[in-house]
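Take a look at the structure below.
Residue numbers (the numbering used here): 9 to 125.
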């Protein structure tokens with residue numbers, strides 16, 4: 009059973025940066041499309057970015073040019089570099105398999121990102 013652990017969140021001022029990490033137990037994640045999701049208070053969880061096992065990437069329009077997704081298959085780890093953060097980026101961020109690519113893993117606890125002055 010794959011376990012996912014997100015880390016790297018925190019409180020940052022608008023315009024600031026954070027780097028999130030997603031550590032997965034087991035190597036099953038190496039061959040699947042992984043993604044970052046986020047859920048703001050009172051809103052549904054939304055897909056932020058995805059990356060295939062071969063490195064093809066997609067972003068939701070609202071983060072294009074500001075966020076960068078990457079993965080290190082040797083470490084079973086995925087990252088999300090977030091720059092030029094905005095208050096509307098405030099949410100709990102989760103990682104998981106991209107929903108349309110197959111059965112998702114159990115969700116982790118997520119990591120809170122708060123963008124506020």
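Don't be surprised by glycine CBs; every beta carbon is placed ideally from N, CA and C.
Secondary structure at residue i, three-state DSSP: helix, strand or coil?
i, result
"residue 36", "helix"
"residue 105", "strand"
"residue 52", "coil"
"residue 78", "strand"
"residue 70", "helix"
Would you give the residue range spanned by the beta strand (DSSP E) that residue i belongs to?
i, result
"residue 122", "119-123"
"residue 66", "65-67"
"residue 44", "42-47"
"residue 15", "12-15"
"residue 89", "85-90"
"residue 19", "18-20"
If you drop the 5 nearest sequence neighbours on each side, which residues of the same chain put their C-beta closer than 6 Å to that of residue i?
i, result
"residue 34", "10"
"residue 60", "41"
Residues in the same chain with beta-carbon distance under 8 Å from residue i, minus the five sequence neighbours each way, listed in chain order, please.
i, result
"residue 115", "12, 102, 104"
Considering only their Cβ atoms, is the gap separating residue j from residue i smaller than 8 Å?
i, j, result
"residue 31", "residue 81", "no"
"residue 88", "residue 20", "no"
"residue 99", "residue 38", "no"
"residue 90", "residue 97", "yes"
"residue 77", "residue 57", "yes"
"residue 119", "residue 16", "yes"
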